[in-house]
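Residue numbers (this note's numbering), protein chains in the order written: chain U, 438 to 741; chain D, 438 to 741.
2 protein chains.
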Amino acid sequence: MQDTKIAILGLGLIGAAWAALFVHHGAQVAAWDPEAAAREGLADRMATPLRQLEQITGQPARGRLTVTGDLAAALDGAALIQENAPESIPLKQALYAQIEALTEATTIASSASALCWTDLAPSLRDPAQLITAHPFNPPHLVPLVESYGTDPARLNGAEAIYRAAGRVPVRLTKPATGHIANRLASALWREAVHLVAEGIADVPAVDAALVHGPGLRWSVMGAHMAYHLGGGPGGMAAYLDHLGPSQERRWADLGTPSLTPGVRAALTAGIAAEADGRDIPTLEHTRDAALIAVLRARTSSGHL
Amino acid sequence: MQDTKIAILGLGLIGAAWAALFVHHGAQVAAWDPEAAAREGLADRMATPLRQLEQITGQPARGRLTVTGDLAAALDGAALIQENAPESIPLKQALYAQIEALTEATTIASSASALCWTDLAPSLRDPAQLITAHPFNPPHLVPLVESYGTDPARLNGAEAIYRAAGRVPVRLTKPATGHIANRLASALWREAVHLVAEGIADVPAVDAALVHGPGLRWSVMGAHMAYHLGGGPGGMAAYLDHLGPSQERRWADLGTPSLTPGVRAALTAGIAAEADGRDIPTLEHTRDAALIAVLRARTSSGHL
């Protein structure tokens, strides 16, 4: 992606991770934020991602970064606008109005997490100018980018840029709150909270069961594929025939917990036991080192 | 675990994986099945697990295997009885009656998956003789063993044996159908099916989003820990304060699909597209190679 210009709008943690990712892979990144403090803190927030990307690829950053408070300068000549404004509909839509006054040609890709395309696009003169392209935290390490839009050519263009930056774009066919990944994560966590709330297992036990069981497996194959292989020689069709009814009974038995004060206390105490004195930066450091090792292993071994 | 004798009862795929695992790690394994055909097929079913365990550890198998149709001979002197009979309450309980006539001292660890301790233990003269110890497929590669029982000494003894065989035992504090891991997997798959049923994403997209997003992350840290790190410097408590209500709204928005003929057809067609002509053995081979690579990476990097 050498010589491709990418505009990054909004320079918090997500914007900084995108900036590091694109600079690492050789792009000309124009980073814009209306707040001087956000612009000034960008280099700090990019330092760890840039170092980790060097570690993963064994290559130094090949691109270039300019930081600006001038939106027109940031957008001029950009192949893609990656928008990382706060998760507020009026705030994002006000920014889109500024952008479309400057360009209606360049695709705006929103990193929106809690909001989806339907919440954001209607205010644009040409709603097709907007796509959602949601990265998964930490965005420079986890390859997933979930995309949705109404113009296949714009989606193809943006996804080609993400692929050039080592990402794996996955396209939704219909917009949904939480896209795919956060809906799956939310569904799993609901049951994880239920197990704690019901006293079936404590927080460290639930987390250990996930990491050493299905989580490990889902790092190399998806949930549908797991049931395909669980069906024996007949695959998914056999699984659904033989175990579909018992799966539906299990679904009916899953929990619907509430985050009552008692449940919150159990979760907070449980995570303190699991963290065992390690502060957040220490935990993030361990997570990132492990993610980098697993990413490297998958690259050399392949996966489903 | 050199010189420890383990009795493996029931020699299907799960029994064969246990046998391979214990033989690899140096145990004296006595493998019993009432069916001659099951005994004769055991060596075949153990071949791939044994080869993969050599590949993981770089060590040849150090234990010894004897195969017998004589239950008393299999149990004589065993430190642990790993029971892998079919998932049928009367069938398992009939076997327990045979066992307790021979020994009430040795712990019976049931690999029961769909059944839980409460379904099985009441028929024993001493229900505490039974624990459940559920491995996660494929059992010789995925380290998780979910344990439950009422006698801490028996649990400690069995878990020490699992640890010596490179497993990670996780203890439940209360029995539950599906234990921990299959409940989490079931909760996630329900939403994965919902996404397909609602036309939000197709089967390959859902699987790719999981493998390149939360699945990757759950291979190095649990779901509770992910929300702890998602809360910023305030951790889980801050997450619950700021995002608890939006998480509860997301839970309310999750799907409750039914496996109707239309949904089954979408799942079956979708998995065929994802498999892309690869048959089950080919897919299993890819899965296993990737699991081995990720396990090695985690061993060298650590994880949360």
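Backbone N, C-alpha and C fix where the C-beta goes; we use that ideal spot for every residue, glycine too.
Treat the numbers as computed from the prediction; the structure is a model and nothing was measured.
For U:K529, the enclosing alpha helix (DSSP H) begins and ends at 526–539. Look at D:H571 here: in three-state DSSP terms it is strand.
Residue pairing by DSSP places D:V643 opposite no residue, since no beta bridge is assigned to it.
Less than 8 Å separates the beta-carbon of U:V630 from that of U:V700.
Rounded to the nearest whole angstrom, the C-alpha separation of D:P694 and U:G681 is 12 Å. Below the 8 Å Cβ cutoff, chain U contributes no neighbours of D:A602, its closest Cβ being approximately 14 Å away. Annotation: Cβ neighbours of U:L609 in chain D (cutoff 8 Å, chain order): I637, A638, A642.
Runs of the beta strand (DSSP E) lying entirely within the segment 470–496 of chain U, each at least 3 residues long, are absent.
U:L552 carries a coil assignment under DSSP once its states are collapsed to helix, strand and coil. What U:A570 touches in chain D, judged by beta-carbon distance under 9 Å, is nothing: the nearest beta carbon there is about 13 Å away.
Counting along the chain, U:I708 sits inside the alpha helix (DSSP H) bounded by residues 698–712. A distance of 8 Å or more separates the beta carbons of U:S656 and D:A726. Take the alpha-carbon of U:L720 and the one of D:L741: they are about 7 Å apart. Counting C-beta pairs closer than 8 Å gives three or more between the segment 704–721 of chain D and the segment 660–670 of chain U, which meets the contact rule.
For the 8 Å CB-CB criterion, U:A457 and U:P486 form a contact. A Cβ-Cβ distance of about 5 Å is found for the pair U:I637 and D:K611, placing them in contact under the 8 Å criterion.
Within chain U, the C-beta atoms nearer than 7 Å to that of D:Y664 come from W626, in chain order. When DSSP reads this structure, D:L502 sits in a beta bridge with D:V466.
When DSSP reads this structure, U:Q519 sits in a beta bridge with U:I445, U:A546.
Annotation for D:P651: the continuous alpha helix (DSSP H) segment containing it runs 651–655. For U:E491 and D:A558, the gap between their C-alpha atoms comes out near 55 Å. For D:R488, the closest Cβ of chain U is not nearer than 8 Å.
Counting the other CB atoms within 10 Å of its CB gives D:N619 a total of 16 or more, which places it among the buried residues. Counting along the chain, U:E635 sits inside no alpha helix (DSSP H), nor does DSSP assign it H or E at all.
Close partners of D:L458 in chain U (Cβ separation under 7 Å) are lacking, with about 14 Å as the shortest Cβ gap. Taking the beta carbon of D:S584 as reference, no residue of chain U falls within 9 Å; the closest one sits roughly 10 Å away. Between the alpha carbons of U:A595 and U:I451 lies a gap of roughly 17 Å. U:I545 and U:R608 have their alpha carbons spaced roughly 16 Å apart. At a cut-off of 8 Å, the C-beta of U:Q496 has no neighbouring C-beta in chain D. A direct Cα-to-Cα measurement between D:G586 and D:L552 gives close to 14 Å.
Secondary structure at U:R562: coil, using DSSP grouped into helix, strand and coil. Distance from D:V648 to U:G659 at the Cβ level is roughly 5 Å; contact confirmed, criterion being Cβ atoms closer than 8 Å.
Taking a 10 Å sphere around the C-beta of U:H571, we find 16 or more other C-beta atoms and assign the residue as buried. No residue range can be given for U:L609, since it is assigned to no alpha helix (DSSP H) and is classified by DSSP as neither H nor E. At a cut-off of 8 Å between C-beta atoms, U:E711 counts as an interface residue with respect to chain D.
Within the same chain, Cβ atoms closer than 6 Å to the Cβ of U:A634 are found at P694, V700, the five residues on either side in sequence being excluded.
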